[in-house]
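Novice: Numbering (this note's numbering), first residue to last: 312 to 881.
Every residue, glycine too, gets a C-beta built ideally from N, C-alpha and C.
Pasting in a structure now, in structure tokens, and then I'll have a few things to ask.
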Amino acid sequence: MQITGAQALIKSLEQVGVDTIFGLPGGAILPVYDPLIDSSIRHILVRHEQGAGHMAEGYALATGKPGVAMVTSGPGATNIVTPIANAYMDSTPLVVITGQVPTANIGTDAFQECDITGITMGITKHNFLVTSAHEIPRAVAAAFHIATTGRPGPVLVDVPKDVSQGTMTWWWPESLDDLDLPGYHPTSEIDDADITAAAQLIAEAQRPLLYIGGGALKSHASRELVAFAEKTNMPVVTTLMARGAFPDSHPQHLGMPGMHGMYAAVTAMQQSDLLIALGARFDDRVTGRLDGFAPHAKVIHVDIDAAEFNKIRHADVSIRSDVRSAIVALDAVVTTTPNYATWWSDLHQWRAAHPLTYDTPDSDGPLRPQAVIEAIAAAASPGTIVTAGVGQHQMWAAQHWSYEEPGTWINSGGAGTMGFGVPAAIGAKVGRPDRTVWCIDGDGCFQMTAQELVTARAEGIPIKVAILNNAYLGMVRQWQEMFYDERYSEVYLSPDLPDYVKWAEAMGCVGLRAETPEQMEKVIAEANLVNDVPVVIDFRTDAREKVFPMVPAGATNDDIVVHPSQRGEK
312 MQITGAQALI KSLEQVGVDT IFGLPGGAIL PVYDPLIDSS IRHILVRHEQ
362 GAGHMAEGYA LATGKPGVAM VTSGPGATNI VTPIANAYMD STPLVVITGQ
412 VPTANIGTDA FQECDITGIT MGITKHNFLV TSAHEIPRAV AAAFHIATTG
462 RPGPVLVDVP KDVSQGTMTW WWPESLDDLD LPGYHPTSEI DDADITAAAQ
512 LIAEAQRPLL YIGGGALKSH ASRELVAFAE KTNMPVVTTL MARGAFPDSH
562 PQHLGMPGMH GMYAAVTAMQ QSDLLIALGA RFDDRVTGRL DGFAPHAKVI
612 HVDIDAAEFN KIRHADVSIR SDVRSAIVAL DAVVTTTPNY ATWWSDLHQW
662 RAAHPLTYDT PDSDGPLRPQ AVIEAIAAAA SPGTIVTAGV GQHQMWAAQH
712 WSYEEPGTWI NSGGAGTMGF GVPAAIGAKV GRPDRTVWCI DGDGCFQMTA
762 QELVTARAEG IPIKVAILNN AYLGMVRQWQ EMFYDERYSE VYLSPDLPDY
812 VKWAEAMGCV GLRAETPEQM EKVIAEANLV NDVPVVIDFR TDAREKVFPM
862 VPAGATNDDI VVHPSQRGEK
């Protein structure tokens with residue numbers, strides 16, 4: 312059957328089970344948009360290519376399936392570089408299709424030409440420049456295989472315009488050999504000797520800790536993780552990227568470690584004699600100053616990516632495996648564990664002495680941002696998905712919302728991409744239309760990608776957005792106050808410019824505002840009754856509020872700074 316390259320591309324996407332594409336057409340990709348009309352695939356027309364990439368990420372993180380975005384050449388391609396980098400840092404499965412100028416024009420500085428494969432070489436697992444229509448099925452099948460196997464990540468497929476306009480005889484690769492990927496071997500067998508060595512370290516430990524990273528979510532290991540933790544009675548910490556992998560309500564869960572982690576979680580890592588790192592990469596935001604991190608701990612490191620072993624912290628035992636398979640293997644050989652009564656006594660004392668806390672909200676405002684998040688969470692239905700931008704609001708959302716199941720916390724971790732929250736919420740809602748989706752955003756982040764609310768309204772995607780409006784770039788302000796003698800350089804945004812209620816209404820959304828605790832409860836209830844259009848709430852919050860606990864940059868985790876009330880200060 313003779314078809315065009317464009318038809319082959321859409322047919323290939325259908326073949327791998329794609330149901331949604333987030334994208335924006337342009338000249339070089341235009342041939343592909345014609346057969347899309349006749350496809351079963353839903354296309355979400357974004358207002359900016361960055362939005363397409365973040366929506367695809369949100370979709371992937373909410374569903375576990377690869378997200379797909381499609382944009383044109385030149386600026387269309389460069390506008391999606393940030394989401395690609397974000398997905399690479401957070402190991403999110405993403406397939407990005409870009410249009411390219413005709414092959415004869417490549418290298419001539421043609422209109423809207425850019426070397427997107429060169430640009431993204433360092434932030435993709437792999438990328439393809441397709442040079443013939445015949446190669447399209449192989450490239451698409453390989454892209455999805457690479458994006459979803461081993462350590463997940465983004466893959467880019469660049470399709471020149473003449474290739475999409477050319478013709479080919481339809482075929483489909485029936486086996487991995489047909490993909491022609493001789494250097495890609497993502498599968499691995501667990502070495503029994505490594506499991507035996509790990510079990511020996513566990514048997515000898517008196518203060519062990521299960522240090523859970525995003526790999527636990529990627530391998531769908533939550534059920535096995537809970538069972539293993541309960542069997543061994545070990546305490547658990549979940550990183551920013553692993554929130555929801557282990558229930559917050561579980562008595563063995565100490566919370567989130569790291570720069571803005573819970574005191575007990577941070578201190579437990581420091582005092583541990585054995586860290587069992589499951590799908591975690593010893594990120595600098597978790598370790599603090601490396602030479603002072605967990606100084607007495609031996610390390611068992613489980614990761615699907617061997618490149619992570621000994622990159623940051625030496626591991627006494629390295630197990631190359633997905634987290635789920637490694638837990639199953641460990642569970643089979645760990646039969647008895649020591650009595651951790653003394654260890655748990657210390658942990659309980661740390662939790663009791665330094666719980667999360669904040670100042671009581673004033674009756675007449677401004678609102679405490681933590682109280683806003685807790686109020687939204689209290690009124691939310693079970694299984695609500697939360698997305699966030701990056702900054703103070705992100706940390707408060709990670710701290711003050713209880714995550715009980717996988718896929719309910721979606722944020723930008725490694726790259727720290729402001730503006731991630733709104734488009735990611737849209738993608739999550741598309742992928743999980745049965746779930747309520749709240750975006751906890753800051754006023755700085757919101758202004759970066761808020762135009763995608765037009766997409767949400769036009770496409771019938773009713774997300775809810777809570778703007779913690781403190782009129783500042785909050786995390787930068789916090790650092791300037793604490794470390795730069797309160798010299799507030801270029802961080803003030805103004806609470807009223809723009810008017811967020813009018814902006815929301817101009818985009819076809821419901822716009823609400825709250826300045827007092829009474830108004831806060833009222834607008835949250837009102838927002839929860841709106842389920843047909845997006846809702847945006849402008850919560851006026853206190854600019855002086857800071858995120859605590861906090862490990863200052865360059866300090867060790869032993870230097871963690873708790874809330875002033877826990878330091879004997881007002």
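What's the C-alpha gap between P680 and D401?
Specialist: One C-alpha to the other measures close to 26 Å.
Novice: Thinking C-alpha only, which one of Q423, R855, D627 is nearest P386?
Specialist: The shortest C-alpha separation from P386 is found at Q423.
Novice: Quick check on this structure: which residue in A735, I427, R358 has the alpha carbon closest to the alpha carbon of A388?
Specialist: Checking every option, the nearest Cα to that of A388 belongs to I427.
Novice: Could you tell me which residues DSSP pairs with G775 in its beta bridges?
Specialist: The sequence given here places Lys at residue 775; Gly does not occur at that position. Paired residues: W749, V846.
Novice: Any contact of the segment 794-809 with the segment 820-839, i.e. 3+ C-beta pairs under 8 Å?
Specialist: The answer is no - the segment 820-839 does not touch the segment 794-809, with fewer than three Cβ pairs under 8 Å.
Novice: Give the DSSP-derived three-state secondary structure of I871 in the structure shown.
Specialist: I871: coil per DSSP, three-state reduction.
Novice: Could you tell me the distance, in whole angstroms, from the CA atom of A421 to the CA atom of V412?
Specialist: The straight-line gap from Cα to Cα measures roughly 7 Å.
Novice: So, at 6 Å on beta carbons, what are the nonlocal neighbours of L467 in its own chain, with the 5 sequence-adjacent residues on each side left out?
Specialist: Excluding positions up to five away in sequence, the list reads V407, T431, T435, N438.
Novice: Could you tell me which residues DSSP puts in a beta bridge with P860?
Specialist: Paired residues: none, contrary to the question.
Novice: In this structure, how does DSSP classify R768 when only helix, strand and coil are distinguished?
Specialist: In the structure shown, R768 sits in a helix (DSSP, three-state: H, G or I).
Novice: Counting only the same chain and skipping the five closest in sequence on each side, list residues whose C-beta sits under 6 Å from that of G477.
Specialist: The answer, listed in chain order, is G316, A444.
Novice: Output yes or no for whether 8 Å exceeds the beta carbon distance between V812 and W749.
Specialist: Going by C-beta atoms, V812 is not nearer than 8 Å to W749.
Novice: Cutting at 6 Å between CB atoms, please list the residues of its own chain near I355, excluding the five before and the five after it.
Specialist: F333, E770.
Novice: Counting Cβ pairs closer than 8 Å, one from the segment 468-475 and one from the segment 335-351, do we hit at least three?
Specialist: With a cut-off of 8 Å, the segment 335-351 and the segment 468-475 count as touching, because enough Cβ pairs lie within range.
Novice: Just curious, the beta strand (DSSP E) that D469 is in, first and last residue?
Specialist: 465-471 is the extent of the beta strand (DSSP E) around D469.
Novice: I'd like the list of long-range same chain contacts for V823, defined as Cβ closer than 6 Å, with 5 residues on each side in sequence excluded.
Specialist: Rather than Val, the amino acid found at residue 823 in this sequence is Leu. Cβ within range, chain order: V834, I848.
Novice: According to DSSP, simplified to helix, strand and coil, what is R462?
Specialist: Coil.
Novice: When the distance is taken between beta carbons, is P744 closer than 8 Å to G362?
Specialist: Cβ atoms of G362 and P744: not closer than 8 Å.
Novice: Could you check the C-alpha separation between N544 and V628 for me, to the nearest Å?
Specialist: So the two alpha carbons sit approximately 21 Å from each other.
Novice: Output yes or no for whether 8 Å exceeds the beta carbon distance between G590 and G676.
Specialist: Cβ distance not < 8 Å, so G590 and G676 don't count as in contact.
Novice: Using the beta-carbon count (16 or more within 10 Å), is F794 buried or exposed?
Specialist: The residue is exposed, with fewer than 16 neighbouring Cβ atoms inside 10 Å.
Novice: Between the segment 603-614 and the segment 700-708, do three or more beta carbon pairs fall short of 8 Å?
Specialist: With a cut-off of 8 Å, the segment 700-708 and the segment 603-614 do not count as touching, because too few Cβ pairs lie within range.
Novice: Report the three-state DSSP secondary structure of R662 (helix, strand or coil).
Specialist: R662 falls in the helix class under three-state DSSP.
Novice: Hey, how far is the Cα of F757 from the Cα of I778?
Specialist: Rounded to the nearest angstrom, the two C-alpha atoms are 7 Å apart.
Novice: Assign D754 to one of two classes, buried (16 or more other C-beta atoms within 10 Å of its C-beta) or exposed (fewer than that).
Specialist: With 16 or more other Cβ atoms within 10 Å, it is buried.
Novice: Spatial neighbours of W654 within its chain, please: CB distance less than 7 Å, with the 5 preceding and 5 following residues excluded, ordered by chain position.
Specialist: Excluding residues within five positions, the ones whose Cβ falls inside 7 Å are Q517, R518.
Novice: Taking one C-beta from the segment 552-561 and one from the segment 578-587 each time, how about it: are there three or more such pairs within less than 8 Å?
Specialist: Because the criterion of three Cβ pairs below 8 Å is not met, the segment 552-561 and the segment 578-587 do not touch.
Novice: For the alpha helix (DSSP H) containing P828, list its first residue and its last residue.
Specialist: It spans 828-839 - the alpha helix (DSSP H) in which P828 sits, taken as one unbroken run.
Novice: Could you check if S351 is buried or exposed, using at least 16 other CB atoms within 10 Å of its CB as the buried criterion?
Specialist: S351 should be labelled exposed.
Novice: What runs of the alpha helix (DSSP H), each 4 residues or longer, lie entirely inside the segment 373-399?
Specialist: The qualifying runs are 386-389.
Novice: Count the other CB atoms within 10 Å of the CB of K542; is the residue buried (16 or more) or exposed (fewer)?
Specialist: K542 is exposed by the Cβ-count criterion.
Novice: Who are K609's beta bridge partners in DSSP?
Specialist: K609 is bridged to L585.
Novice: If we ignore side chains and look at the alpha-carbon of each, how far apart do S486 and Y714 end up?
Specialist: Spanning the two alpha carbons is a distance of roughly 39 Å.
Novice: For M552, collect the residues of the same chain with a Cβ closer than 7 Å to its Cβ; drop the 5 residues on either side in sequence, then sort them by chain order.
Specialist: Cβ neighbours of M552 beyond the five flanking positions: D401, G524, G525, G724.
Novice: Can you tell me which of the three DSSP states T414 falls into?
Specialist: Here T414 sits in helix by DSSP.
Novice: In three-state terms, what does DSSP make of S323?
Specialist: DSSP places S323 in helix when its eight states are reduced to three.
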